[in-house]
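> Quick one: structure below, then a few questions.
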Amino acid sequence: MIAARPLRPRVRRVLKHNALFDAMCASVGLRPEHGLVPDGGRAFAEARTACLLCPAAGACEAWLARRDGATEPGAAPPFCPNRAFFARAAARGPADRPEGEYSPVSGRG
197 MIAARPLRPR
207 VRRVLKHNAL
217 FDAMCASVGL
227 RPEHGLVPDG
237 GRAFAEARTA
247 CLLCPAAGAC
257 EAWLARRDGA
267 TEPGAAPPFC
277 PNRAFFARAA
287 ARGPADRPEG
297 EYSPVSGRG
């Protein structure tokens, strides 16, 4: 029988980076469905992956803590690999999402 490697540190990393991504979305005024347009979610998925692979989680946490819940549309820190994504998605806003279009993130349409 092959012993399974512990996944706990990896799971913690995924959960931590997902929480940081969600907090960054909130901080820059981005609702998840804004990131689903116009490519059906590809850019959003790529941004989540870039966050998961980012080595600057500590700097990200510190930046978010200094903002203390303040929201500034599209203003991600310079070290963020998703800075351009956040700026583009925040600039698009909800108006570019056709009424009734299904959002796999929210489950609503």
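Just so you know, we're using the numbering used here here: the sequence shown kicks off at 197 and counts up by one.
Yeah, the Cβ is synthetic: ideal placement off N, Cα and C, and Gly gets one too.
Measure the beta-carbon distance from Phe217 to Cys247 and round it to whole angstroms, keeping in mind my assumption that it falls under 8 Å.
Counting from 1 along the sequence shown, the entry for residue 217 is found at position 21. Counting from 1 along the sequence shown, the entry for residue 247 is found at position 51. Going by Cβ atoms, the distance from Phe217 to Cys247 rounds to 4 Å, so yes, they are a contact pair.
> Roughly how many angstroms separate the alpha carbons of Met220 and Pro205, rounded to a whole number?
The sequence position of residue 220 within the sequence shown is 24, counting from 1. The sequence position of residue 205 within the sequence shown is 9, counting from 1. Their Cα atoms are separated by approximately 22 Å.
> Please report the distance separating the alpha-carbon of Phe240 from that of Thr267.
By one-based count along the sequence shown, residue 240 stands at place 44. By one-based count along the sequence shown, residue 267 stands at place 71. Looking at the two C-alpha atoms, the distance is approximately 19 Å.
> Quick check on this structure: which residue in Arg209, Ala215, Glu242 has the alpha carbon closest to the alpha carbon of Pro277?
Translated into positions along the sequence shown, residue 277 becomes position 81. Pro277 has its Cα closest to that of Glu242, out of Arg209, Ala215, Glu242.
> Any idea if Leu211 is buried or exposed, counting beta-carbon neighbours within 10 angstroms, 16 or more meaning buried?
In the sequence shown, residue 211 corresponds to position 15, counting from 1. By the neighbour-count rule (16 or more Cβ atoms within 10 Å), Leu211 is not buried but exposed.
> Given this structure, state the Cα-to-Cα distance separating Asn214 from Gly265, to the nearest angstrom.
Taking the sequence shown and counting its residues from 1, one reaches residue 214 at position 18. Taking the sequence shown and counting its residues from 1, one reaches residue 265 at position 69. The alpha-carbon atoms of Asn214 and Gly265 are separated by roughly 17 Å.
> Whose C-beta lies closer than 8 Å to the C-beta of Pro273 among residues of the same chain, with five residues either side of it excluded?
Within the sequence shown, residue 273 is the residue found at index 77, counting from 1. Cβ neighbours of Pro273 beyond the five flanking positions: Ala255, Cys256, Trp259, Arg279.
> Near Gly225, what residues of its chain come up, given a Cβ to Cβ distance below 6 Å and the 5 sequence neighbours on each side ignored?
By 1-based counting over the sequence shown, the position of residue 225 is 29. The residues are Thr267, Pro269, Ala286.
> Have a look at Pro251, Arg262, Gly237, Arg263 and flag the residue whose alpha-carbon is nearest the alpha-carbon of Phe281.
For this step, residue 281 is matched to residue 85 along the sequence shown. Answer by Cα proximity: Gly237.
> Using a Cβ-Cβ cutoff of less than 8 Å, which residues in the same chain neighbour Arg263 once the five nearest sequence positions on both sides are dropped?
Position 67 of the sequence shown holds residue 263. Closer than 8 Å at Cβ, skipping near neighbours: Ser223.
> Within a Cβ cutoff of 6 Å, which residues of the same chain sit near Cys250, ignoring the five residues on either side of it in sequence?
If you number the sequence shown from 1, residue 250 lands on position 54. Correct list, in chain order: Pro277.
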